[in-house]
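Mapped onto our numbering, the consecutive letters of the sequence shown carry residue numbers 250 to 783. Right, one structure below, let's go through it.
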Amino acid sequence: MGDIKITENGLDHFTRELLNEFFEPAGDNHSLSNDSSPDFAKDLADEIDGLLEQSKNLKLTEPIISLFARLKGVKRQMGISPEVFGITRETLVILAEKHSKIDEHEVTIGGRVNHALPIVEEANHRVHDYMNVKALEAPSGIELWDRIEENMGRIKSILDIDEKEWSSYSGQIRNCIDSVEKLSKIINLPSHVIEDIGRVTKNYRMRLTPYYASLIQPENINDPILIQSVPTSEMVDNIGIEIPPVAADHSPARLIDQFYPRVLTIKATNMCAMYCTHCLRIAHIGKKDRIYSDKAYEEAINYIRKNKLIRDVLITGGDAFVLPNKIIKKILNALDNIDHIKVKRLGTRIPVTAPWRVDSDLLEILGDSNDKKPLRVVTQINTAQEITPLSRETFKRISKSVSAVLNQAVLLRGINDTKVKMWKLCETIHESYVRPYYIFNCSYRNPQFFHLRVPIETGRDIVESMYGNISGDAIPRFIATAGGKIPLHKSNVMGYDGTDVTLKKPWSNDEVLYPDADPAAYADRNFSFAKYSS
Ligand SMILES: *Cc1c(COP(=O)(O)O)cnc(C)c1O
Ligand code: SF4
250 MGDIKITENG
260 LDHFTRELLN
270 EFFEPAGDNH
280 SLSNDSSPDF
290 AKDLADEIDG
300 LLEQSKNLKL
310 TEPIISLFAR
320 LKGVKRQMGI
330 SPEVFGITRE
340 TLVILAEKHS
350 KIDEHEVTIG
360 GRVNHALPIV
370 EEANHRVHDY
380 MNVKALEAPS
390 GIELWDRIEE
400 NMGRIKSILD
410 IDEKEWSSYS
420 GQIRNCIDSV
430 EKLSKIINLP
440 SHVIEDIGRV
450 TKNYRMRLTP
460 YYASLIQPEN
470 INDPILIQSV
480 PTSEMVDNIG
490 IEIPPVAADH
500 SPARLIDQFY
510 PRVLTIKATN
520 MCAMYCTHCL
530 RIAHIGKKDR
540 IYSDKAYEEA
550 INYIRKNKLI
560 RDVLITGGDA
570 FVLPNKIIKK
580 ILNALDNIDH
590 IKVKRLGTRI
600 PVTAPWRVDS
610 DLLEILGDSN
620 DKKPLRVVTQ
630 INTAQEITPL
640 SRETFKRISK
650 SVSAVLNQAV
660 LLRGINDTKV
670 KMWKLCETIH
680 ESYVRPYYIF
690 NCSYRNPQFF
700 HLRVPIETGR
710 DIVESMYGNI
720 SGDAIPRFIA
730 TAGGKIPLHK
740 SNVMGYDGTD
750 VTLKKPWSND
760 EVLYPDADPA
770 AYADRNFSFA
780 KYSS
């Protein structure tokens with residue numbers, strides 16, 4: 250016994266706590282046979298015997314963890330001590346020591362069973378509801394694929410599109426759904442809805458690729474694909490004044506928008522494969538397709554060439570991938586030949602609206618430019634439903650040619666404005682080679698889509714709910730656009746007393762004291778190697 254006492258002193262407090270709990274006398278005398286059926290008692294005794302044998306014989310931590318965890322459960326739920334199974338405290342001390350010796354990080358069995366496992370359990374509890382409802386409440390296009398394929402078949406036959414035509418970008422554009430008459434052929438719309446949409450599309454252009462239309466789940470009354478692509482009466486009936494694009498623009502040169510010193514955008518086209526009802530550029534977009542002249546691109550490039558502070562150029566639109574490969578190549582080449590340009594980005598939604606556009610020529614152009622200087626693709630996916638096996642495959646191919654594929658989602662009412670929908674979106678794109686980058690709060694500038702706006706506080710709660718529950722690199726930043734991108738995150742810094750910062754864990758609201766670096770010590774520059782020379 251003396252030996253054991255000495256050894257037990259070597260155990261950490263978690264392990265001692267656990268052993269004490271195991272052997273603390275039970276209030277009323279529990280035994281296996283009193284409490285349960287003989288079969289259950291025998292099964293449990295066999296199970297524990299088996300774990301004990303493995304713990305003794307194998308040089309593994311797992312059986313020891315299972316044994317201690319099982320003994321803890323049995324003690325807590327039934328009040329039964331290890332002695333009932335013929336296991337002494339001495340045996341468990343020996344196994345506890347064996348566990349820490351095997352473990353590379355010398356983690357103790359008590360630390361594991363009484364501390365680490367409960368933390369994991371509590372963490373698991375936080376995502377429990379989400380795991381149960383995510384497939385039903387926010388199905389991805391991958392989960393819906395059977396139904397989407399059915400829709401595709403139906404749309405192909407109604408619109409008389411053959412396989413070759415369907416699987417090509419030009420075929421998707423040629424067969425686009427650009428009138429309410431055509432739309433009503435593929436989804437059932439009551440006559441008053443047809444009338445309403447007809448009224449709106451006099452002012453606002455509708456264009457869905459037949460592929461994008463196949464993502465619509467017609468039984469869902471406010472289907473997120475439908476809301477994003479088919480204009481409804483609010484677009485003309487909402488009250489409010491559109492803040493005119495001239496004032497909204499920050500355009501110091503032809504095709505250029507700039508409000509930052511080192512990064513700007515070239516609005517290289519006003520065309521998109523699909524027109525979004527929530528488009529920030531609705532004033533420029535979707536009225537009339539315009540082919541821009543070489544002169545226009547030259548002037549834009551010249552502005553960039555002359556402004557040596559610029560290092561990062563975003564080629565947007567519209568949708569940059571609507572441009573022919575040779576124009577994309579020309580612009581990228583011109584930028585790669587300007588010394589002070591170090592990074593390029595292309596903005597496109599085509600991988601989710603018309604994935605066939607991303608052909609091998611385009612991928613080669615992207616890869617060549619990325620070889621010279623990093624090239625990123627910035628996309629817009631607003632709901633997991635937009636990620637299908639096809640778009641995922643397209644993002645996979647793009648991600649092999651560029652240095653990152655990033656997503657800028659727009660927070661939209663009924664589309665991604667719940668925790669479940671936004672988590673699902675972020676996880677689904679993360680699994681599809683795309684990194685969540687921004688979530689934009691829907692703009693205040695356009696009454697056309699006031700009905701799609703979501704209060705900032707709702708967005709903050711949603712984004713904040715991701716911390717600690719989703720991989721950090723799947724958590725986007727929440728942004729308001731108002732002459733620049735302004736972060737809207739909640740602060741988790743609750744106070745500062747000059748020494749310690751009080752921080753709040755977003756996932757539990759627990760506050761922790763976080764000792765700050767000492768400002769006086771920090772101000773002293775005489776450190777590390779500098780101190781040898783003084
Ligand atoms: C969005 C945008 C940028 C880029 O902003 P980042 O925060 O770097 O992604 C640059 N210029 C303009 C005009 C923009 O609208
Ligand atoms: S893809 Fe972008 S630019 Fe085109 S309509 Fe949608 S939001 Fe507007």
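Don't be surprised by glycine CBs; every beta carbon is placed ideally from N, CA and C.
Out of the options, which has the shortest C-alpha to C-alpha gap to residue i?
i, options, result
"Asp486", "Ala770, Gln697, Lys734 and Glu257", "Gln697"
"Arg325", "Leu661, Pro274, Pro704 and Leu572", "Pro274"
"Ser419", "Ala387, Val333, Gly360 and Tyr460", "Tyr460"
"Gly747", "Asp765, Asn574 and Lys578", "Asp765"
"Phe508", "Gly744, Ser315, Ala723 and Asp561", "Asp561"
"Asn306", "Lys734, Lys347 and Ile410", "Lys347"
"Glu680", "Asn695, Ile711 and Ile719", "Ile719"
"Thr357", "Glu371, Arg511 and Val342", "Val342"
"Ile336", "Asp352, Ser349, Ser304 and Glu414", "Ser304"
"Ser500", "Leu513, Ile492 and Asp427", "Leu513"
"Ile534", "Ile470, Gly566, Tyr716 and Tyr552", "Gly566"
"Pro736", "Ser757, Val712 and Val429", "Val712"
"Ser406", "Glu430, Lys434 and Lys579", "Lys434"
"Asn758", "Ala769, Pro768, Asp767 and Met743", "Met743"
"Glu270", "Asp288, Glu296, Pro331 and Glu257", "Pro331"
"Leu344", "Glu414, Ala372, Leu260 and Pro287", "Leu260"
Cβ-heavy atom distance between residue i and ligand 1 below 6 angstroms?
i, result
"Val512", "yes"
"Leu734", "It is Lys, not Leu, that sits at residue 734 in the sequence shown. At least one heavy atom of ligand 1 is nearer than 6 angstroms to the Cβ of Lys734, so yes."
"Asp411", "no"
"Asp498", "no"
"Asp506", "yes"
For residue i versus residue j, is the C-beta distance shorter than 7 angstroms?
i, j, result
"Leu612", "Asn631", "no"
"Asp585", "Lys621", "yes"
"Ile599", "Asp568", "yes"
"Lys670", "Ala387", "yes"
"Thr518", "Val479", "no"
"Gly402", "Gln634", "no"
"Tyr379", "Trp605", "no"
"Pro312", "Leu300", "yes"
"Val683", "Phe727", "no"
"Val750", "Tyr771", "no"
"Val449", "Met484", "yes"
"Met709", "Lys739", "This sequence places Arg at residue 709; Met is not what is there. Yes, these two residues count as a Cβ contact at 7 angstroms."
"Val601", "Ser640", "yes"
"Ile515", "Ala549", "yes"
"Ala245", "Arg694", "Past the boundaries of the shown model lies residue 245; the chain is included only from 250 to 783, so the question cannot be answered."
"Ile397", "Leu464", "yes"
"Ala294", "Phe334", "yes"
"Ile410", "Asn424", "yes"
"Ala522", "Ala462", "no"
"Phe263", "Gly360", "yes"
"Asn656", "Pro685", "yes"
"Ser650", "Gly596", "no"
"Ala583", "Tyr552", "no"
"Leu581", "Ser618", "yes"
"Ala723", "Cys675", "yes"
"Trp394", "Pro638", "yes"
"Arg554", "Ile505", "no"
Return yes when the C-beta of residue i is under 6 angstroms from any heavy atom of ligand 2, and no when it is not.
i, result
"Ala460", "Before going on, a small fix: residue 460 reads as Tyr here, not Ala. False, no ligand heavy atom lies under 6 angstroms from that Cβ."
"Tyr524", "yes"
"Cys521", "yes"
"Cys528", "yes"
"Arg560", "no"
"Arg598", "yes"
"Ile465", "no"
"Asp568", "yes"
"Ile728", "no"
"Ile470", "no"
"Ile534", "yes"
Chain D beta carbons: is any one of them nearer than 7 angstroms to that of residue i?
i, result
"Gln466", "Checking the listed chains, one finds no chain D in this structure; it contains a single protein chain."
Report back the beta-carbon spacing between residue i and residue j to the nearest angstrom; my notes put them in contact at under 8 angstroms.
i, j, result
"Val659", "Pro623", "With a Cβ gap of about 25 angstroms, Val659 and Pro623 do not count as contacting."
"Pro467", "Ile436", "5 angstroms"
"Arg539", "Leu563", "In fact, because the Cβ distance is near 20 angstroms, the residues do not count as touching under 8 angstroms."
"Val369", "Leu267", "That belief does not hold up - the Cβ atoms of Val369 and Leu267 are roughly 17 angstroms apart, past 8 angstroms."
"Tyr781", "Pro755", "Not a contact, Cβ separation roughly 43 angstroms."
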